[in-house]
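Just so we're aligned, residue -18 is where the sequence shown starts under the numbering used here, counting upward by one.
Beta carbons: idealized from backbone N, C-alpha and C, even for Gly.
Quick notes on the structure that follows.
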Amino acid sequence: MHEDTIHENRLINETSPYLLQHAHNPVDWHPWGDEAFARAQREDRPIFLSIGYSTCHWCHVMERESFESREVAEMLNRAFVCVKVDREERPDVDRLYMDFCQALTGSGGWPLTIVMTPGKKPFFAATYIPRVSGHGRVGLLELVPRIETIWRSDRRQVEESADEISATLLRFAGSDTHTRGDASGPDPEQAVQTLHEEYDSLHGGFGMAVKFPTAHVLVFLIRYWRRTGDTRARRMAADTLRAMRRGGIWDHAGGGFHRYSTDREWRLPHFEKMLYDQAALAGAYLEASRAFGDASFAETAREIFAYVLRDLASPAGPFCAAEDADSEGIEGRFYLWTHDEVAGVLGPERARLFARAFGVFPEGNYRDEATAVATGDNILVLEKNAEELAAGTALDPRALARDLAEMLAALRDARSRRERPLLDDKLLTDWNGMMIGAMARGARVLGDASLAAAARKAADFFLASRRTADGGLVHLGEGSRAIRGMADDYAFFIRGLVELYETTFVARYLGEALKLARYFIARFLDEEGTAFYSTEKEGSVDLLFRRRDVMDAAVPSANSAAIEGLFRLARLTGLAGLEETAARIAGSYQAGLARHPSACTGMLAARELARASSCEIVITGDPGAPVTRAFIDAAGEVYLPHAAVLLQGPSGGEHDLAGIVEGIGNFTPPAHGAIAYVCAHFTCRNPVTDPGELSALLRELSGGADGS
């Protein structure tokens, strides 16, 4: 704090790392809740709502400039009832008011600043606001008195405006894209064309700057290419994945992706690392490795998982939410290097080679984003890989690659002695569901059993200790502080359990996914059965209204993730009702997909699976027998993203699907060996008794290719 006096506000008893960061501000912060709203009503004051998250750089800047300032705090405390929200703790609150900000200003982001009536109806929105006016931005010291005056002198107009805005938001909450229709929907060619027009052919990605690593866009393009052979889609996906891996948005020394790039070339990131980005991007790189047969994509996924297990895994098994952008009060300090620091770690000769590979210069290559001033630091960017360094020389590229890997490991070890960025240790069900699914799939694609074990440990934690009394999910916390699960929690956790089943073939995970899907449908599906609300009715009492999310953001919308999860669950269990629900939801968004195709790529990626004819593979046999394992390996050799693979083990064992999968009693494990049953294109083939025969059959069904 700027002032010496130690102050505590109402956030001191919260558990959120973000709220606790603000617990000693002189601003009289309230957490979101009845106490704040009752006080606003009683004292007839508007609410100043500030939403952010613990690893957000500009949230830290606004705190240092304004919320730690006694002058600003006195103004805020006089004019408003001040409320702080952690967007990761209450994504439902965040999304509702982010919709307002985007509608009012044309953009959004964090910190999110809202001023609203005591009845929670917004009438002002902004993102970062400086302390004093300048550079085209009005400062809080000027803004607060203005709003205070308007609230006192022109109340009727303010309230009428807030009523009108709220009515408009309610009318269009999830309905701007929502119409009745069939499940086929519009041709995704329109989305590919739109993305092609936005594509940066020089540096990959879409648009110029800022660039976000939107994994669901790339997954859609990969699946679309696989179905249609459209080389534009393949090129956009593959080149973007390669460009991100070479850029500064990738942490070359430690693995994992930073939040987004502030420039066109993926060089200069905002440095926070989010669990959801690691999960989504690992999934995209795994998808690309299978579809394109490129081992470098698989290696990137492997390095993401190594980072997550090393730096984000909690002792109990789940994964922590994020790492901060700042350390020592400086954004990116943990990740930046001077030329002399690199030489001090590697020695002069090795440092020269490293500098050629990673663009390290004595004068530095990094500029502060806010000031554009060169700092003398370097961010690691892969300018030349081992093959490019070795070109035209007698150097062995494989030996060079090993040397560069050793140098990066040495830098990682050296920086481990620096002050680390803050770890946000929240255990969020939705983001963990994403990582459980990604790690489970990684175990299959990479052949790494340790990833399956990590995914199981995390899943078991949530299944055992993050449940409501009626069998639902908790979004965050436990006991009296538990926040009930939201649509994202169910959609992503169900999808994660489906992936975990198809990796471990432990029937319990499929059974739990089915139970949660039924709960999700019963509590969240709207009255027409065509979309999931973001919250349960019981969990929405402190919100202005319930929303339905379909537009993708950093991750696919809950409805997009639900469509994919329900389609896959239906094809595994044989329960047609689940597929019918998914199809109704998919068909209901025809208008939105037609108007905003590139903003709905998560749904389009899910629909690519639904478009494909069903392909079910049932393997029967002793799960511990080598021949059964050979069948399982054969089923995973070919890129068939729409295939459903089941293993029916001995009766009563953990691989027994009785009571979960329709008709599984027709598939009895043989006394010796194993058998595979394949049904595709609505036709069942003869039973297969040889793993090689299964592999050949699946290659035939895939069009004869295996990622080539």
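Option in the options with minimal Cα separation from residue i
i	options	result
P(-2)	T195, V619, A606 and L403	L403
F505	L30, V522 and Y471	Y471
I464	A639, E69, S242 and S683	E69
F335	A353, K365 and E312	K365
G640	E493, R588, A534 and A586	E493
A440	V426, Y482, L427 and R425	Y482
Y490	K496, L478 and R216	L478
H239	R26, M255 and E681	M255
V531	V74, R383 and M584	M584
A586	A390, S242 and S541	S541
S632	A661, R576 and G602	G602
K407	C596, Y257, R59 and G546	Y257
D429	L457, A279, E369 and R462	A279
L628	A265, E46 and A616	A616
E605	V619, G634 and S595	Here residue 605 is Gly; the residue named in the question, Glu, does not match the sequence. Among V619, G634 and S595, the Cα nearest to that of G605 belongs to G634.
L122	T130, N58 and V113	V113
I110	H177, V42 and K101	V42
L290	E322, A4 and G236	G236
L151	E179, P103, A196 and L183	P103
E674	A657, R425 and G558	A657
E24	A434, A60 and E344	A60
G298	A468, R576, A433 and R127	A433
T516	A54, A390 and R528	R528
C82	D73, V74, R71 and I95	I95
F548	R(-9), R588 and N(-10)	R588
Residue range of the alpha helix (DSSP H) that includes residue i
i	result
W39	H38 to M43
A390	P378 to R396
A557	A557 to G568
D80	P72 to T86
V11	Strictly speaking, residue 11 in this sequence is His, with Val absent from that position. Run containing H11: none in the alpha helix (DSSP H); it sits in the beta strand (DSSP E), W10 to P12.
H456	Note, H456: premise wrong, no alpha helix (DSSP H); beta strand (DSSP E) at V455 to L457.
P194	Counting along the chain, P194 falls outside any alpha helix (DSSP H), and DSSP gives it neither H nor E.
I544	A539 to T554
P607	P607 to A616
Y316	Careful: Y316 lies outside any alpha helix (DSSP H) and carries neither H nor E.
I475	A468 to T485
R23	D15 to E24
L370	A367 to A371
Anticipated Cβ contact below 8 Å, residue i with residue j, distance rounded
i	j	result
A436	M420	4 Å
G453	Y514	Going by Cβ atoms, the distance from G453 to Y514 rounds to 14 Å, so no, they are not a contact pair.
V173	R208	Not quite, the Cβ-Cβ distance comes to about 11 Å (not below 8 Å), so this is no contact.
G188	M225	Incorrect: roughly 14 Å between the Cβ atoms, too far for contact.
T108	G87	The Cβ separation is near 11 Å, so there is no contact.
P537	R204	Not quite, the Cβ-Cβ distance comes to about 13 Å (not below 8 Å), so this is no contact.
Residue i in three-state terms, based on DSSP
i	result
T601	strand
K438	helix
M97	strand
F252	coil
K407	coil
Y180	strand
L682	helix
R348	strand
N58	helix
C581	coil
S461	helix
I110	coil
S308	strand
N647	helix
P(-2)	helix
I67	Correcting the residue type first, residue 67 is Asp in the shown sequence and not Ile. It is a strand residue.
R448	strand
N(-10)	coil
N6	coil
Span of the beta strand (DSSP E), counted from its first residue to its last, around residue i
i	result
C660	A655 to A661
G33	I28 to G33
L628	A624 to Q629
For residue i: DSSP bridge partner residues
i	result
G115	R118
W231	F238
Q174	For Q174, which the question treats as bridged, DSSP gives no partner whatsoever.
T664	A661
L506	F513
V669	A657
P299	According to DSSP, P299 bridges with nothing at all.
Proximity test, Cβ basis, 8 Å: residue i and chain B
i	result
G89	Looking at the structure shown, chain B is missing, and only one protein chain is on hand.
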